[in-house]
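Undergrad: Quick note, the sequence shown lines up with residues 59 to 222 if you use this note's numbering. Quick one: structure below, then a few questions.
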Amino acid sequence: MRRGVFLALTGVLCAAIACAVPVAADAAPFALPYNLTLQAGGRISGTFGGVPVLGTFERTATEDDVQRMTVEGVFTLTVDGKAFVMGVYQCVPVECALVAEEVLGRPQTFYISIRSMSGSIRGSLRQLYPSHAAWVSGVTEWGRLHLQTMPLSALIAAATRLRV
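The structure is reproduced here in structure tokens:
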């Protein structure tokens, strides 16, 4: 008799829990965090998707930069000395924009608006990867192909924890 009551209560609890859990279509999109410091001299350090990165940004000067009042260049975030994220930047008198062209060795685009190419920037990118699992999977695949000195397990752990 107790077993029948237990099973009935378990069924009611499971139904209640299932009703309370949002379905995947209603879930918020995965947000990939970044926390970067851009330093004078063109250096970048911080985390991207939880993964510790180092990088550079370098101006690609053109003669008409002065006339257009813009500064343009390229940036690269690296892990273990290998390109992890690459893109371009452009600054006009009131703001700058980082526009990624490649993430984890694949064509992907995101845009980050910042005030200048110095200081700390932090935020998150939505819709770059559909889920945290997809991000970790992409990082793992990238790591298998590119890591030389950093242990793959450390890379996967960082992506899994999403340290900001």
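Beta carbons: idealized from backbone N, C-alpha and C, even for Gly. Note that this is a predicted model, so its numbers are computed, not measured.
Rounded to a whole number of angstroms, what is the C-alpha to C-alpha distance between leucine 135 and valine 143?
TA: Here residue 135 refers to the residue found at position 77 when the sequence shown is read from its first residue. Here residue 143 refers to the residue found at position 85 when the sequence shown is read from its first residue. Each residue's Cα considered, the two are about 5 Å apart.
Undergrad: Rounded to whole angstroms, what is the Cα-Cα separation between serine 211 and valine 137?
TA: As a first step, residue 211 must be located in the sequence shown, where it is residue number 153. As a first step, residue 137 must be located in the sequence shown, where it is residue number 79. Rounded to the nearest angstrom, the two C-alpha atoms are 14 Å apart.
Undergrad: Using 8 Å as the threshold, is the C-beta distance between glutamine 148 and threonine 118 below it?
TA: The residue labelled residue 148 in the question sits at position 90 within the sequence shown. The residue labelled residue 118 in the question sits at position 60 within the sequence shown. Not in contact: glutamine 148 and threonine 118 (Cβ atoms no closer than 8 Å).
Undergrad: From phenylalanine 88 to arginine 184, what does the alpha carbon distance come to, in whole angstroms?
TA: Taking the first residue of the sequence shown as 1, we reach residue 88 at position 30. Taking the first residue of the sequence shown as 1, we reach residue 184 at position 126. Cα to Cα, phenylalanine 88 sits roughly 6 Å from arginine 184.
Undergrad: With the cut-off set at 8 Å, would you say leucine 90 and tyrosine 169 are in Cβ contact?
TA: By 1-based counting over the sequence shown, the position of residue 90 is 32. By 1-based counting over the sequence shown, the position of residue 169 is 111. In this structure, tyrosine 169 does not lie closer than 8 Å to leucine 90 by Cβ.
Undergrad: If you run the structure through DSSP and keep just helix, strand and coil, what is leucine 71?
TA: Here residue 71 refers to the residue found at position 13 when the sequence shown is read from its first residue. For leucine 71, the pLDDT reaches just 28, beneath the cut-off of 50, and the residue's location in the model is therefore unreliable, leaving the point undetermined.
Undergrad: Is isoleucine 179 closer than 8 Å to threonine 198 when the C-beta atoms are compared?
TA: The residue labelled residue 198 in the question sits at position 140 within the sequence shown. The residue labelled residue 179 in the question sits at position 121 within the sequence shown. Contact flag unset, no.
Undergrad: Between which two residues does the alpha helix (DSSP H) harbouring alanine 215 extend?
TA: For the purposes of this step, residue 215 is taken as the residue at position 157 of the sequence shown. That run of the alpha helix (DSSP H) goes 210-219.
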